[in-house]
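Encoded as structure tokens, the structure appears first; notes follow it.
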Amino acid sequence: MAHTGTFSFFRKGAFSFDGIAFSGDHEKNPQKKNDILPTYCLHIGSKSIELLEQTPAGLQPAVTGEFESVFQSKALLHTKNSLSSAKTNSTFSRGWTFVYLSSEYKWKVSLMSTKWTLTDTNKQVIASFKRSNMKIMRLGTLNIHIPADPELTALIVITCHMVQYTNEACELAAVV
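Take any residue in the sequence shown, count from 1 to its spot, add 28: that is its number in my numbering.
Have a look at this one:
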């Protein structure tokens with residue numbers, strides 16, 4: 029089954045880098061009012077990466093991974109049926125590139141904009157992410173513009189969160 033659509037990203041907690049994503053465009057966390065379960069739970073640790081997907085049986089791993097370098101600039105991402113590599117676009121870039129089924133996808137991040145785009149090798153825009161101006165709990169909205177299989181969708185979601193994580197880490201470092 030192919031997925032397209034919109035996902036709203038929120039923090040798991042006020043001071044957490046972990047996230048949750050809901051299908052649809054939500055200004056406020058729908059879990060608080062409507063008992064809606066998140067579509068995805070996202071975790072990025074110092075060495076590990078995890079995307080859990082809501083299924084009828086509960087949360088199940090959709091992507092697991094580990095960083096290959098101490099600087100978190102390279103990662104291996106495991107889906108149910110594939111192994112993907114991911115790396116930062118360059119030393120000073122806040123974007124990530126990943127490979128899925130021999131195709132390369134690149135998150136382009138502008139420091140002057142709150143919108144990021146994911147392109148394929150043909151420069152076709154696959155997805156876009158619009159950061160929220162109020163970053164306390166709502167992180168932003170991801171739109172997937174093409175039909176994508178569940179594994180590609182999961183990789184788009186987790187790498188989008190990796191870009192968010194990288195940007196927040198850079199912003200925090202700049203403040204300190």
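Don't be surprised by glycine CBs; every beta carbon is placed ideally from N, CA and C.
None of these values were measured; they are calculated from a predicted model.
Beta bridge counterpart(s) of valine 127 as assigned by DSSP: Counting from one through the sequence shown, the residue named residue 127 turns up at place 99. Per DSSP, Glu132.
Cβ pair isoleucine 174, threonine 181 closer than 8 Å: Here the question's residue 174 lines up with position 146 in the sequence shown. Here the question's residue 181 lines up with position 153 in the sequence shown. Taking a C-beta distance under 8 Å as the contact criterion, isoleucine 174 and threonine 181 do not qualify as a contact pair.
Straight-line Cα distance separating serine 97 from isoleucine 186: To locate residue 186, count along the sequence shown from 1; it is residue 158. To locate residue 97, count along the sequence shown from 1; it is residue 69. So the two alpha carbons sit approximately 18 Å from each other.
Where the beta strand (DSSP E) containing leucine 167 begins and where it ends: Taking the first residue of the sequence shown as position 1, residue 167 is located at position 139. Leucine 167 -> beta strand (DSSP E) spans 166-176.
Serine 74 versus Ile184, Gly93, Leu111 and Lys40, residue with shortest Cα-Cα distance: Locating residue 74 in the sequence shown gives position 46, counting from the first residue. Among Ile184, Gly93, Leu111 and Lys40, the Cα nearest to that of serine 74 is on Gly93.
Contiguous alpha helix (DSSP H) assignments of at least 4 residues, all confined to the region 57-120: 58-62
Outcome for leucine 79 when other beta-carbon atoms lying within 10 angstroms are tallied against a minimum of 16: The count along the sequence shown starts at 1 and reaches residue 79 at position 51. It is buried - the Cβ of leucine 79 has at least 16 other Cβ atoms within 10 Å.
Nearest to glutamine 88 (by Cα), restricted to the options Ser76, Lys108, Ser101 and Phe95: Walking along the sequence shown from the start, residue 88 turns up at place 60. Measuring from the Cα of glutamine 88, the nearest candidate turns out to be Lys108.
Presumed contact (8 Å Cβ cut-off) between serine 138 and lysine 115, rounded CB distance: Here residue 138 refers to the residue found at position 110 when the sequence shown is read from its first residue. Here residue 115 refers to the residue found at position 87 when the sequence shown is read from its first residue. Not confirmed; about 19 Å, so no contact.
DSSP state of leucine 146 mapped onto helix, strand, coil: Within the sequence shown, residue 146 is the residue found at index 118, counting from 1. Leucine 146 falls in the strand class under three-state DSSP.
Coarse secondary structure for alanine 42, derived from DSSP in three states: Translated into the one-based positions of the sequence shown, residue 42 becomes position 14. In the structure shown, alanine 42 falls within a coil segment according to DSSP collapsed to helix, strand and coil.
Residues that lysine 158 bridges to, as DSSP identifies them: Start at 1 with the first residue of the sequence shown, and residue 158 comes out as number 130. In DSSP, lysine 158 forms a bridge with Lys143 and Thr169.
For serine 138, the residue or residues it bridges with in DSSP: Along the sequence shown, read from residue 1 onward, the residue named residue 138 stands at position 110. Note: serine 138 sits in no beta bridge, so no partner.
Beta-carbon spacing of leucine 105, glutamine 82 below 8 Å: As a first step, residue 105 must be located in the sequence shown, where it is residue number 77. As a first step, residue 82 must be located in the sequence shown, where it is residue number 54. Going by C-beta atoms, leucine 105 is not nearer than 8 Å to glutamine 82.
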